[in-house]
Amino acid sequence: MKFSKFALAAMAVMSMAGVAHADVVPGVKLTGDVHAATDYNFRGMSLSGNNPTLGFNVTATHETGLFASLDENTVNVSGINGVHQYLSNITVGYNTEVGPGIKLGGGVTRYQFNGPNSAADMTFNEVYAHAGWNGIEGAVYRNIGGAKNSPAAFAHGDTYASLGYTYNIDKFSLGGDVGYYWYDNDAAHNGVSLAQLRAGYKVNDNFSVGVAYQVDGHDAADKAQDRNHEARVNVGYSF
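Sequence positions in the sequence shown follow mature numbering (1 follows the signal peptide of the UniProt record, and there is no 0) and run -22 to -1, 1 to 217.
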(Lines of atoms letter the chains of each structure in order from A and count residues from 1; the text may use other names and numbers.)
(Lines give C-alpha, C1' and ligand atoms only; values in the text may rest on other atoms or scores of the structure.)
Protein backbone atom coordinates (compact mmCIF):
# COMPACT_ATOMS: atom_id res chain seq x y z
CA MET A 1 0.00 0.00 0.00
CA LYS A 2 1.47 3.33 -1.03
CA PHE A 3 1.34 6.24 1.41
CA SER A 4 -1.15 8.13 -0.80
CA LYS A 5 -3.52 5.17 -0.66
CA PHE A 6 -3.12 5.06 3.11
CA ALA A 7 -4.08 8.75 3.32
CA LEU A 8 -7.13 8.13 1.14
CA ALA A 9 -8.16 5.25 3.37
CA ALA A 10 -7.87 7.48 6.45
CA MET A 11 -10.01 10.12 4.76
CA ALA A 12 -12.60 7.47 3.94
CA VAL A 13 -12.71 6.49 7.61
CA MET A 14 -13.28 10.14 8.55
CA SER A 15 -16.17 10.32 6.09
CA MET A 16 -17.87 7.49 7.98
CA ALA A 17 -18.34 9.71 11.04
CA GLY A 18 -21.88 10.48 9.94
CA VAL A 19 -22.96 6.87 10.33
CA ALA A 20 -21.02 6.15 13.52
CA HIS A 21 -23.02 4.77 16.45
CA ALA A 22 -25.97 4.17 14.12
CA ASP A 23 -27.04 0.62 13.27
CA VAL A 24 -25.40 -0.03 9.89
CA VAL A 25 -27.28 -3.34 9.90
CA PRO A 26 -29.77 -4.41 12.60
CA GLY A 27 -27.93 -4.74 15.90
CA VAL A 28 -24.50 -3.65 14.58
CA LYS A 29 -22.88 -0.31 15.40
CA LEU A 30 -19.87 1.20 13.66
CA THR A 31 -17.23 3.23 15.52
CA GLY A 32 -13.70 4.32 14.74
CA ASP A 33 -11.00 6.96 14.91
CA VAL A 34 -8.05 8.52 13.15
CA HIS A 35 -4.91 9.03 15.19
CA ALA A 36 -1.29 10.13 15.13
CA ALA A 37 1.64 9.74 17.50
CA THR A 38 5.29 10.68 17.72
CA ASP A 39 6.17 6.97 17.80
CA TYR A 40 4.44 3.59 17.32
CA ASN A 41 5.26 1.88 20.58
CA PHE A 42 4.66 -1.88 20.71
CA ARG A 43 5.14 -3.22 24.23
CA GLY A 44 8.12 -1.00 24.89
CA MET A 45 9.79 -1.12 21.48
CA SER A 46 9.41 1.25 18.54
CA LEU A 47 7.90 -0.22 15.36
CA SER A 48 8.14 3.09 13.51
CA GLY A 49 11.89 3.57 13.68
CA ASN A 50 11.40 6.20 16.41
CA ASN A 51 9.49 8.28 13.85
CA PRO A 52 5.92 9.67 13.87
CA THR A 53 3.08 7.35 12.90
CA LEU A 54 -0.40 7.83 11.44
CA GLY A 55 -3.33 5.46 11.69
CA PHE A 56 -7.03 4.76 11.77
CA ASN A 57 -9.41 2.25 13.32
CA VAL A 58 -12.81 0.92 12.30
CA THR A 59 -14.82 -1.37 14.59
CA ALA A 60 -18.15 -3.09 14.00
CA THR A 61 -19.83 -4.27 17.22
CA HIS A 62 -22.91 -6.49 17.48
CA GLU A 63 -25.34 -6.05 20.35
CA THR A 64 -24.35 -9.54 21.59
CA GLY A 65 -20.79 -8.31 22.26
CA LEU A 66 -19.18 -9.85 19.20
CA PHE A 67 -16.98 -7.44 17.26
CA ALA A 68 -14.53 -7.14 14.38
CA SER A 69 -11.98 -4.36 14.00
CA LEU A 70 -9.26 -3.11 11.70
CA ASP A 71 -6.47 -0.92 13.07
CA GLU A 72 -4.09 0.39 10.40
CA ASN A 73 -0.84 2.24 11.18
CA THR A 74 2.33 3.38 9.45
CA VAL A 75 5.45 1.61 10.73
CA ASN A 76 9.07 1.06 9.74
CA VAL A 77 10.58 -2.25 10.82
CA SER A 78 13.22 -2.22 8.07
CA GLY A 79 15.69 0.03 9.87
CA ILE A 80 15.99 2.08 6.67
CA ASN A 81 14.90 5.72 6.71
CA GLY A 82 12.24 6.69 4.20
CA VAL A 83 10.77 3.19 3.81
CA HIS A 84 6.96 3.19 4.08
CA GLN A 85 5.55 0.07 5.72
CA TYR A 86 2.16 -0.60 7.28
CA LEU A 87 0.77 -2.70 10.10
CA SER A 88 -2.80 -3.98 9.86
CA ASN A 89 -4.17 -5.32 13.15
CA ILE A 90 -7.25 -7.40 12.34
CA THR A 91 -9.18 -8.55 15.41
CA VAL A 92 -12.28 -10.68 15.94
CA GLY A 93 -13.47 -11.00 19.50
CA TYR A 94 -16.13 -10.80 22.19
CA ASN A 95 -16.65 -8.37 25.09
CA THR A 96 -19.19 -8.55 27.89
CA GLU A 97 -19.98 -7.01 31.29
CA VAL A 98 -20.64 -9.59 34.01
CA GLY A 99 -21.27 -7.23 36.91
CA PRO A 100 -21.04 -3.59 38.00
CA GLY A 101 -17.87 -2.31 36.35
CA ILE A 102 -16.57 -5.84 35.63
CA LYS A 103 -15.68 -6.39 31.99
CA LEU A 104 -14.36 -9.54 30.32
CA GLY A 105 -13.35 -10.29 26.77
CA GLY A 106 -11.06 -12.07 24.39
CA GLY A 107 -10.33 -12.72 20.76
CA VAL A 108 -7.84 -13.37 17.99
CA THR A 109 -5.63 -10.74 16.34
CA ARG A 110 -3.58 -10.98 13.16
CA TYR A 111 -0.67 -8.54 12.95
CA GLN A 112 -0.19 -8.20 9.20
CA PHE A 113 2.91 -6.25 8.15
CA ASN A 114 2.86 -4.83 4.63
CA GLY A 115 5.37 -3.00 2.45
CA PRO A 116 8.86 -3.33 0.96
CA ASN A 117 11.97 -4.95 2.46
CA SER A 118 10.16 -8.21 3.36
CA ALA A 119 7.88 -6.54 5.91
CA ALA A 120 5.38 -9.43 5.58
CA ASP A 121 7.93 -11.79 7.15
CA MET A 122 7.12 -10.17 10.51
CA THR A 123 3.43 -11.14 10.38
CA PHE A 124 2.08 -13.15 13.34
CA ASN A 125 -1.17 -14.13 15.13
CA GLU A 126 -2.22 -13.96 18.78
CA VAL A 127 -5.07 -15.06 21.00
CA TYR A 128 -5.83 -12.91 24.02
CA ALA A 129 -8.06 -12.58 27.06
CA HIS A 130 -8.63 -9.45 29.14
CA ALA A 131 -10.50 -8.26 32.21
CA GLY A 132 -11.27 -4.83 33.63
CA TRP A 133 -12.71 -3.37 36.82
CA ASN A 134 -12.99 0.27 37.90
CA GLY A 135 -10.04 1.51 35.86
CA ILE A 136 -7.88 -1.59 36.32
CA GLU A 137 -7.15 -3.47 33.09
CA GLY A 138 -5.29 -6.75 32.70
CA ALA A 139 -4.65 -8.90 29.64
CA VAL A 140 -2.70 -11.95 28.47
CA TYR A 141 -1.59 -12.48 24.86
CA ARG A 142 -0.29 -15.75 23.39
CA ASN A 143 1.46 -15.97 20.02
CA ILE A 144 -0.06 -18.87 18.07
CA GLY A 145 1.48 -18.18 14.67
CA GLY A 146 4.98 -16.81 14.91
CA ALA A 147 6.57 -14.58 12.34
CA LYS A 148 8.53 -16.17 9.51
CA ASN A 149 11.39 -13.94 10.57
CA SER A 150 10.77 -15.05 14.18
CA PRO A 151 12.55 -12.40 16.28
CA ALA A 152 11.84 -12.55 20.00
CA ALA A 153 8.45 -11.02 20.88
CA PHE A 154 7.12 -12.08 17.46
CA ALA A 155 7.80 -15.83 17.68
CA HIS A 156 5.38 -18.71 18.15
CA GLY A 157 4.86 -19.47 21.83
CA ASP A 158 5.80 -16.04 23.17
CA THR A 159 3.44 -14.79 25.89
CA TYR A 160 2.85 -11.20 26.99
CA ALA A 161 0.89 -10.00 30.02
CA SER A 162 -0.07 -6.42 30.81
CA LEU A 163 -1.56 -4.66 33.82
CA GLY A 164 -2.68 -1.04 33.81
CA TYR A 165 -4.69 1.50 35.75
CA THR A 166 -6.44 4.69 34.62
CA TYR A 167 -7.96 7.31 36.92
CA ASN A 168 -10.34 9.78 35.32
CA ILE A 169 -10.80 13.29 36.70
CA ASP A 170 -13.43 15.09 34.64
CA LYS A 171 -11.79 15.50 31.20
CA PHE A 172 -8.35 14.45 32.47
CA SER A 173 -6.94 10.96 32.93
CA LEU A 174 -3.85 9.65 34.70
CA GLY A 175 -2.51 6.13 34.59
CA GLY A 176 0.26 3.66 34.02
CA ASP A 177 1.03 0.25 32.55
CA VAL A 178 3.44 -2.62 33.10
CA GLY A 179 4.04 -5.37 30.54
CA TYR A 180 5.98 -8.62 30.98
CA TYR A 181 7.23 -11.04 28.29
CA TRP A 182 7.78 -14.80 28.58
CA TYR A 183 9.74 -15.84 25.49
CA ASP A 184 9.56 -19.29 23.93
CA ASN A 185 13.26 -19.17 23.07
CA ASP A 186 15.26 -20.53 26.03
CA ALA A 187 18.13 -18.18 25.20
CA ALA A 188 15.92 -15.11 25.57
CA HIS A 189 15.55 -13.25 28.87
CA ASN A 190 12.03 -13.05 30.25
CA GLY A 191 11.21 -9.76 31.89
CA VAL A 192 9.48 -6.39 31.93
CA SER A 193 9.42 -4.99 28.40
CA LEU A 194 7.37 -1.90 29.23
CA ALA A 195 6.73 0.30 32.25
CA GLN A 196 5.10 3.62 31.49
CA LEU A 197 3.12 6.52 32.92
CA ARG A 198 0.25 8.16 31.01
CA ALA A 199 -1.78 11.37 31.03
CA GLY A 200 -4.61 12.38 28.75
CA TYR A 201 -7.08 15.15 28.11
CA LYS A 202 -10.42 14.85 26.32
CA VAL A 203 -10.99 18.14 24.53
CA ASN A 204 -14.55 17.17 23.58
CA ASP A 205 -16.58 14.07 22.77
CA ASN A 206 -14.43 13.40 19.71
CA PHE A 207 -10.97 14.93 20.10
CA SER A 208 -8.36 13.81 22.64
CA VAL A 209 -4.65 14.27 23.31
CA GLY A 210 -2.26 12.31 25.47
CA VAL A 211 1.33 11.79 26.51
CA ALA A 212 3.12 8.67 27.75
CA TYR A 213 6.53 8.44 29.41
CA GLN A 214 8.39 5.13 29.24
CA VAL A 215 10.03 4.61 32.61
CA ASP A 216 11.69 1.25 31.95
CA GLY A 217 11.74 -1.85 29.78
CA HIS A 218 14.16 -4.49 28.50
CA ASP A 219 14.26 -6.59 25.34
CA ALA A 220 14.83 -10.34 24.94
CA ALA A 221 18.60 -9.81 25.18
CA ASP A 222 18.03 -8.04 28.53
CA LYS A 223 19.12 -4.73 27.01
CA ALA A 224 17.34 -1.49 27.90
CA GLN A 225 14.70 -0.50 25.36
CA ASP A 226 15.63 2.41 23.08
CA ARG A 227 12.49 4.27 24.18
CA ASN A 228 13.28 4.21 27.91
CA HIS A 229 13.15 7.65 29.55
CA GLU A 230 11.44 9.16 26.53
CA ALA A 231 7.96 10.60 26.06
CA ARG A 232 5.59 10.20 23.13
CA VAL A 233 2.57 12.32 22.29
CA ASN A 234 -0.62 11.11 20.65
CA VAL A 235 -3.74 12.78 19.28
CA GLY A 236 -6.97 11.20 18.11
CA TYR A 237 -10.36 12.00 16.65
CA SER A 238 -13.01 9.37 17.37
CA PHE A 239 -16.53 8.89 16.10
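Where a beta carbon is used, it is the ideal one built from N, C-alpha and C, also for glycine.
Close Cβ partners of residue 234 (< 6 Å) along its chain, the five nearest in sequence each way excluded: One cannot answer for residue 234 here, as it falls past the ends of the chain, which runs -22 to 217.
Nonlocal neighbours in the same chain, by C-beta distance under 7 Å from Ala125, ignoring five residues either side: Asp99, Met100, Thr101, Phe102, Phe132, Ala133
Extent of the continuous beta strand (DSSP E) run through Arg120: 114 to 123
Whole-angstrom distance between Ala198 and Asp164, CA atom to CA atom: 10 Å
Contiguous beta strand (DSSP E) assignments of at least 3 residues, all confined to the segment 135 to 191: 137 to 147, 150 to 160, 169 to 180
Anticipated Cβ contact below 8 Å, Ser171 with Gly22, distance rounded: 4 Å
Exposure label - Leu25; buried when at least 16 CB within 10 Å: buried
Environment of Asp148 [buried if 16+ CB atoms lie within 10 Å]: exposed
Asn212 versus Thr42: straight-line alpha-carbon distance, rounded: 31 Å
Rounded C-alpha distance that separates Ser66 from Tyr106: 17 Å
Ser66 - containing beta strand (DSSP E), residue span: 63 to 77
Cβ shell of Gln174 (< 7 Å), same chain only, five flanking positions each side left out: Gly154, Asp155, Ala190, Tyr191, Gln192, Val193
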